[in-house]
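Taking my numbering, I'd label the letters of the sequence shown as residues 93 to 297.
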Amino acid sequence: MYISKQNLATDENEIIEFITQYSFATVVTSDNGRPNASHLPFVIEKRGNKTILIAHFAKANPQWKELLNNEVLVIFSEPHAYISPKLYDKELNVPTWNYIAVHAYGKAVIMSGTAQMLEVMEKSISAFEADYMTQWNKLPEAYKLKMLNGIVAFEIEVSSFEASKKLSQNKTNAEQQRIIESLSSSQHDVERQIGIYMKKETKDF
């Protein structure tokens with residue numbers, strides 16, 4: 093991913109926080125030079141100095157067979173927003189787009205044992221709807237095993253991140269404040285979220 097110097101994000105804690113909030117991602121693999129992609133929710137966790145991404149494919153999705161072939165790319169994006177040139181100081185300007193995106197690279201390992209697969213499922217439940225765990229624990233073991241037979245659980249040990257925060261860092265303070273005000277009053281939640289990130293970014297400088 094091309095990232096200009098002023099938009100580069102390197103704080104891993106900030107990156108992990110972003111992935112935790114915007115956990116629905118695109119996982120990209122390749123087969124004989126042809127890229128393939130699926131859209132999956134991911135759980136992220138730290139294990140010592142390692143960062144691990146956890147997810148599962150439907151077994152019917154053949155992409156899981158490509159996990160072990162090469163390095164895997166997982167793309168986390170959202171939120172994003174159109175930025176109108178009317179918010180700038182000078183008329184000689186063009187529209188642009190503000191966004192945050194994280195690319196995670198790493199090697200995948202398939203979870204093959206029942207205990208490992210159950211652990212993946214339960215980590216997903218804890219991350220996305222902890223209250224459901226009570227119901228999950230009451231389900232018959234035979235039902236759980238049937239569900240597990242329909243998935244392929246996997247983990248990716250992240251070898252590197254590429255993260256971009258394009259939040260009008262190249263604009264004047266007055267322009268940034270107008271953009272924040274415009275985004276904060278938007279009817280679209282995704283644009284208001286960019287406004288929140290911009291507020292935090294301007295406070296950091």
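Ideal Cβ placement from N, Cα and C applies to all residues, glycine included.
- Within the segment 148-229, the complete alpha helix (DSSP H) segments at least 4 residues long are 206-220, listed from N- to C-terminus.
- In the three-state reduction of the DSSP assignment, D123 falls in the strand class.
- With fewer than 16 other beta carbons inside 10 angstroms of its own, H280 counts as exposed.
- Rounded to whole angstroms, G205 and V212 show a C-alpha spacing of 11 angstroms.
- By DSSP's assignment, P133 forms a beta bridge with F116.
- Around the beta carbon of V135, 16 or more other beta carbons lie within 10 angstroms, which makes this residue buried.
- Unbroken alpha helix (DSSP H) stretches of 4 residues or longer found wholly inside the segment 237-281: 265-276, given in chain order.
- Here I272 really is in contact with K291; their C-beta atoms are around 6 angstroms apart, less than 8 angstroms.
- Cα atoms of L100 and L237: separation of roughly 44 angstroms, rounded to the nearest angstrom.
- Of the residues I95, H148, L160, E109, the one whose Cα lies closest to the Cα of D123 is L160.
- DSSP places N128 in the strand class (E or B) of the three-state scheme.
- Contact check between the segment 169-185 and the segment 231-246: fewer than three CB pairs, one atom from each, fall below 8 angstroms, which does not count as touching.
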